[in-house]
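Just so you know, the protein sequences line up as chains A and B, in that order. Here the UniProt record's numbering is used: the first residue of the first sequence is 1, the next is one more, and so on. Here the UniProt record's numbering is used: the first residue of the second sequence is 1, the next is one more, and so on. Before any comments, here is the structure.
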Amino acid sequence: MMASSYNAKEDGHVTVPGGGTIQNKKPDNTAFKQQRLPAWQPILTAGTVLPAFFVIGLIFIPIGIGLYVTSNNIKEFEIDYTGTDMSSPCFNCSQSFSWNSTRPCTCALPFSLEQPFESNVFMYYGLSNFYQNHRRYVKSRDDSQLNGDTTSLMNPSKECEPYARNEKMPIAPCGAIANSMFNDTLDLYYIDPNGTRIQIPLMKKGIAWWTDKHVKFRNPGGNPNLTSAFQGTTKPINWRKPVYELDTDAENNGFINEDFIVWMRTAALPTFRKLYRIIQKKNNMTPTLPRGNYTLEVTYNYPVRSFEGRKRVILSTISWMGGKNPFLGIAYITVGSVCFFLGVVLLIIHHKYGSRNNTADIPN
Amino acid sequence: MDFSSIRKLITRWCAGEENWVDTRTVYIGNKEPPPGAEAYIPQRYPDNRIISSKYTFWNFFPKNLFEQFRRIANFYFLIIFLVQLIIDTPTSPITSGLPLFFVITVTAIKQGYEDWLRHKADNAINQCPVHEVQHGKVIRKQSRKLRVGDVVLIKEDETFPCDLILLSTSREDGTCFVTTASLDGESSHKTYYAVQDTKAFITEEDFDTLQASIECEQPQPDLYKFVGRINIYSDRNEPIARPLGSENLLLRGATLKNTQHIYAVAIYTGMETKMALNYQSKSQKRSAVEKSMNAYLIVYLCILISKALINTVLKYVWQADPDKDEPFYNQKTDTERQRHILIRAFTDFLAFMVLFNYIIPVSMYVTVEMQKFLGSYFIMWDDEMFDEELGERAQVNTSDLNEELGQVEYVFTDKTGTLTENNMEFIECCVDGYVYVPDAICNGQVMPGSTSMDMIDSSPGPGGKESEELFFRALCLCHTVQVKEEETVDGIKMGIHQNKATSFYISSSPDEVALVEGMKRLGFTYLRLKDSHMEILNREDEVERFELLEVLTFDSVRRRMSVIVRSTTGEYYLFCKGADSSIFPRVISGKVEQVKARVEHNAVEGLRTLCVAYRKLSVAQYEETCHLLNSAKLALQDRDRKLAEAYDLIEKDFVLLGATAVEDRLQDKAADTIESLQKAGMKVWVLTGDKMETAAATCYASKLFRRSTQILELTTKRTEEQSLHDVLFDLSKTVLRQHGSMTRDTFSGLSADCVDYGLIIDGATLSAVLKPSQEDSSQGNYKEIFLEICRNCSAVLCCRMAPLQKAQIVKLIKSSPEHPITLAIGDGANDVSMILEAHVGIGIMGKEGRQAARNSDYAIPKFKHLKKMLLVHGHYYYIRISELVQYFFYKNVAFIFPQFLYQFFCGFSQQPLYDTAYLTLYNISFTSLPILLFSLIEQHINMDILKKDPSLYRDIAKNSLLRWPIFIYWTFLGVFDAVVFFFGSYFLFNNSTFTSNGQMFGNWTFGTLVFTVLVFTVTLKLALDTHYWTWINHFVIWGSLLFFVIFSLLWGGIIWPFLNYQRMYYVFIQMLSSGPAWLSIILLIVISLLPDVVKKVICRALWPTTTERIQVGEHTHTHTNTYTHTHTHAHIMHRSTSSHFTSVTPASSRELIGLTS
């Protein structure tokens, strides 16, 4: 640097061994500044890692077995009702679909359960090849509108385009997600051994996250009358009914309709399932779904043929670890075994080479 | 340099072509030109301000921003940010804007602070007071207000504020003494001459009457060249013109010595002074790590672009089917539909770029910058690099090069003041084989081959006594030392005897001072030269007077000097002292054998030896020599040659008296430091302006050359005998033959005593070697041959180097095919050029001013501190930063690759996997502090061991931790982890329920799961790499994880009013409430960490590096308390310390290290 020409003056200052300057310049002798903080110095050697591997192996394998067994004990039944096959009862409905048909198309699928479902049964609908995680789709919603914000109700967010307005009227709920809400109606009948059809009661509450239903989603205004609350808005284009007619129960109507909330939680992958109904266990004596014949009655409103999608209904019991998923158990068993195996390998290495390092080189 | 010259050109153009002239005319005292003088063209000169700062208050903001965005990385992030602002991208502009803003702000603050410091330093200089003579009075003035033409008064020990022409001095003869130590490193006093016709002006009033102008050339950087003319207007109108040369020009930066005061006139000021012109502008040095970082960046940029390209192409392939592109549930808006396909494809490409841009981490630059800046404090704080004597500690001027300290392959060191203390000390003399040691301290030493004796009770007989006294007298007379008295009032005799400090000796050669002072201690005191009589105070306190008749001055070819004196008794003596090689052949009698043995003994000890001889002249002989000398002196042509011939004739037929030994004291632990550096695999070169013999002696003393080293000389002396061409080829043949046979020897296992070579080259020969080839091509490859020789020499000494040549050498090595990392260390201004040239420049806060320390990258108080600087700090910084760089890339691959994979499952729609907050904060807060703190305090090996075992330095040589294989390993590790995170979560999520209440999770939970595993894995990976767990590491690592959890809880715990989406609401909490999520997080973390742990453990067990062996050894030592272990360890420790003194080859030290494990 140029500024260095005048050294005489500064040198004079510095080299004067006056106590002050030295005291100031002398670095503090603290452990931190001298990089001598007390420290634990672990080293990953075969010897130290060995026990960890065995421990992991010993813990993971039982967990894996437990998970696998649990998963296997779960009853799951799946039925595809897309109706692509000529033989399928829903073939006609899937072929003759049109958005503006007034008369709903229904079809009934018979099926039988080999084993009884003992505990609560969860009924899911599943869609395949449906890209709920498409970016344009995911963001096409207005969370403040869904949270009951009246200004957003009338002025839906730009993100909802092209489902924000219909003929100048704001759409409530706006956006592609709401617009494409799944609207098949699924009913389940048990065919008594003596041939009578008994409708199985399906619970439609408790299928959405509690926080979603009670905090995140709210109907606009303090108005108990939903019809007037949604005054000035229009229904989504694909919907048959406006949002305030989704259910007769006021606690499950409008934005806080649980079917709607479930649908609004966009799925992570193009093949997904969503909780539809819960079949509550009645008493301890009888299974929730005894073995026998059943009929699934579908009001076929939802078209999937255009994008080669599939529709399914899944009946499943649930354990503490969720639905049937053997993957987790198998993964645990595999990793546990690999760790155990590696532990053995390392043990050999440790004995063979570790001791070499320690002793072989010691000279005379 | 380039920049300033361009600027100068511009100012010239601005000033107007016609105003530009080759010379400047300066009117002394800025008086009106006298009538009749030539038409005066006023020129504008800069004021005497020195400006080193880059910014002013006003231009800081725009200029700094501009400079910052010139950095390619910042520019890249700016572009990304702008793209996000303009087009519809998956992530909000905040995600890249915030980090960028942070980076820019931090850098701006840092640079602003540094510039403020520069401003302060400039101000201190520019405001320091000078005395100006105005209208016959002396006024004080700030240095920066000095103008060209001002007459200034400089007092003793003041530094010249600008380039001055000496007008008059306080000494009658119009001379003054100046030391230019801070300019060219020569600490000797030089004589400058006042203009003959103005030296009578000795008071301020006189200068009021002086009418004169100076014409001189425009400023140019050559320190030793100056041409000018002074015109003095007396009463008569005819001005007197006198030539001015460099002997009249006092340069800025030099210091007035030994002269009470001088008057001088300023001719070049401020940035036009020769000193300022001599500054090489400090070029931005970049470290090897930074270079490899940039290479990695390019790789990642390629990955990024190819990722974006692949995705874009796949997207259009995938959505060729309109039902996939626009299914009924997910229609586009009209404006989107109408957009041209190419535009759509391009915006898609950009959107993918934005989505994946985190793979090139912005925060890496901040973290690296912070690591360097904060890390450099450990150098300053180091207690072991504090020097009590100077009261100075190490100082860091650029923190950009910390890690380069761990990569040094060549060390270029200055000699005087760096290796040595530049403090000569008389050690002993030997008269007729009897050794005299002035200090009682040395009595304990056993002196083989001679009778050791204390001077007082030693009396080698009457004959010996006589020659002893003659020897002492000879040394008292045969020199060119001047005596400087502080106080002459008390009389010199009194002064010298009672208070030694009142008078001291000055000479251009510190050796002579040491000799004369040594004689003083042996009882013969040189008092002064008065009326051409030299006065000596002998042991009996009698003053002896010798008339000094002739001085046959020293020159480096003859390597001796002589004086001819006449004693009071009327006898003529010729005393001569010189190098043994130049004295012995001229000796006819005396105890040659004994003296020779002693001289050789001393030379090996690294002492500087001189032999003393005399010759008694008869009157006739004296007359003859006078005649010879005078005729030679008067010769107009070939005077030098004739003088040399005359000297040759005169200096012969000597009687040998004895020899002296002077030590240029090596700096404390210099030899140990050099040895350590060599063991660490560095090549040490000594570059000095000193003469060859002295330098070689130092090299021996500092163990650079060993007794077994075969010295190859490439000096003027040799090239005079043979042509340069032949010498070079000879040498290279010698070296290469040895090299060849050595490999053969090692092959047959007989590498017993291979000779190592030391090369000595001098400046003149060097410039001949480096001269670009003129005509025939065979000369062109001198450089290569020279490099080849150097490469095979264990040590190289370059003597008689000009400052620029030092830089040339450094440049030569720097640009050699291997591109080694060079380090230059020096203390004087003459080392500045090489300090600036080398990759790392280290300045020693020495006696010769602070120039070197200021221009260096690092400054240390003593040479010995270099050892800790390189072996400990350099090693640590390199380890730390390489882990930092690799880890950053790793964690960002692991971060972004799942997003890439996710595109295959979301229709290539650029849907981000993670929430915006996670995208933004991942690098800024969740994973930033652990790696930053790691890179500040990691110590893979104890620092004492690093110091004790220099060979560990070889483990990290050649940027070994940032090589491509390692980089690829880390990248693959990142990719592997990413695959584990993504597909692990995928298989868990795929079509199954996750909760015990049957409810389903959405895409944000999926992303959060992946992200949680990611943050934990990446942090734990660092934890596994940490070898030094202080409480800070614990705090930061566990703290970061805790922070992530708390943040996630908070982020999902509230409906955030300012956000237009609430997608994360309760996502994290819901995930944690599910058992399988916990299980899968643990599982995935274990799977991701497993391969790295296994690889590490197996590599350590099967192919341990030296470092790893040491680590294990240390580990055993600290963790076992059994008697046997500690015993073995202590034994080994003992061995390794003792092995320090013998030389340990890396192989044997490796074995040694192996023991400790």
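Even for Gly, the Cβ is constructed at its ideal location relative to N, Cα and C. If you're wondering where the values come from, they're calculated on a predicted model, not measured in any experiment.
Item	Value
Within chain A, the residues that proline 327 of chain B reaches when beta carbons sit closer than 7 Å	Ser306, Phe307
Outcome for phenylalanine 130 of chain A when other beta-carbon atoms lying within 10 angstroms are tallied against a minimum of 16	buried
Contact under 9 Å by Cβ, aspartate 977 of chain B with leucine 1014 of chain B	yes
Proline 322 of chain B burial status per 10 Å Cβ neighbour count (16 or more: buried)	exposed
Identity of the residue in B/Phe1001, B/Ala73, B/Gly826 nearest methionine 364 of chain B by Cα	B/Ala73
Other residues of its chain near tyrosine 1028 of chain B: CB distance less than 8 Å, five sequence neighbours each side excluded	Ile937, Glu938, Gln939, His940
Whether threonine 262 of chain B touches threonine 25 of chain B by CB criterion (9 Å)	The residue you asked about is not threonine; residue 262 of chain B is isoleucine in the sequence shown. It is not a contact, given that the beta carbons lie outside the stated cut-off.
Residues in the stretch 899-933 of chain B having any Cβ partner in chain A nearer than 7 Å	Phe905, Cys906, Gly907, Ser909, Gln910, Gln911
Sufficient close CB pairs (3 or more, under 8 Å) joining the stretch 148-165 of chain B to the stretch 259-277 of chain B	yes
Supposed contact pair alanine 671 of chain B and lysine 703 of chain B - C-beta distance, whole angstroms, cut 8 Å	4 Å
Cutoff 9 Å: residue 366 of chain A Cβ touching any chain B Cβ	In the structure displayed, chain A extends from 1 to 364; residue 366 of chain A sits before or after that span and is not available.
C-alpha distance - methionine 123 of chain A paired with threonine 48 of chain A, whole-angstrom precision	50 Å
Selected residue, minimal CA-CA separation from glutamate 118 of chain A, among A/Ile74, A/Asp184, A/Gln34	A/Ile74
Neighbourhood of cysteine 790 of chain B by C-beta distance below 7 Å, restricted to the same chain and skipping five residues each side	Leu759, Val796
Cα-Cα separation between glutamate 468 of chain B and threonine 688 of chain B, rounded to whole angstroms	35 Å
Asparagine 166 of chain A: contacting residues in chain B (beta-carbon distance under 8 Å)	Going along chain B, no residue has its Cβ under 8 Å from asparagine 166 of chain A, so there is no contact; the nearest lies around 13 Å.
Residue burial classification, residue 1165 of chain B (beta-carbon count within 10 angstroms, cutoff 16)	In this structure chain B extends from 1 to 1157, so residue 1165 of chain B is not present and cannot be described.
Presumed contact (8 Å Cβ cut-off) between methionine 424 of chain B and alanine 514 of chain B, rounded CB distance	4 Å
Option in A/Ala52, A/Val345, A/Pro51, A/Gly292 with minimal Cα separation from proline 193 of chain A	A/Gly292
Contact set for tyrosine 189 of chain A: own chain, Cβ-Cβ below 6 Å, skip 5 residues either direction	Arg197, Gln199, Thr295
For lysine 141 of chain B, the residue or residues it bridges with in DSSP	B/Val130
Where tryptophan 381 of chain B falls: helix, strand or coil (DSSP)	helix
Identity of the residue in A/Pro201, A/Gly195, A/Ser140 nearest alanine 172 of chain A by Cα	A/Ser140
Per DSSP, the bridge partner or partners of residue 1182 of chain B	Outside the displayed range of chain B (1 to 1157) lies residue 1182 of chain B, so it cannot be described from this structure.
Nearest-angstrom Cα separation, counted from leucine 1041 of chain B out to phenylalanine 1035 of chain B	10 Å
Those residues which DSSP pairs with glutamine 395 of chain B across a bridge	B/Ala859
Alpha-carbon to alpha-carbon, serine 509 of chain B and valine 655 of chain B	25 Å
Length-filtered (4 minimum) alpha helix (DSSP H) runs lying within the stretch 203-245 of chain B	204-209
Which of helix, strand or coil DSSP assigns to asparagine 223 of chain A	coil
Between the CA atoms of threonine 993 of chain B and proline 62 of chain A - distance to the nearest angstrom	22 Å
Proximity test, Cβ basis, 9 Å: lysine 205 of chain A and chain B	no
C-alpha gap between glutamate 623 of chain B and arginine 718 of chain B, whole angstroms	36 Å
Contact check, threonine 916 of chain B vs isoleucine 94 of chain B, beta carbons under 9 Å	yes
Distance CB(tyrosine 358 of chain B)-CB(phenylalanine 895 of chain B) smaller than 9 Å	yes
Chain-ordered chain B contacts of serine 96 of chain A [CB-CB under 9 Å]	Neighbours of serine 96 of chain A on chain B: none; closest Cβ ~16 Å, over 9 Å.
Close Cβ partners of alanine 394 of chain B (< 8 Å) along its chain, the five nearest in sequence each way excluded	Ile379, Met380, Asp382, Met385, Phe386, Tyr858, Ala859, Ile860, Pro861, His865, Met869
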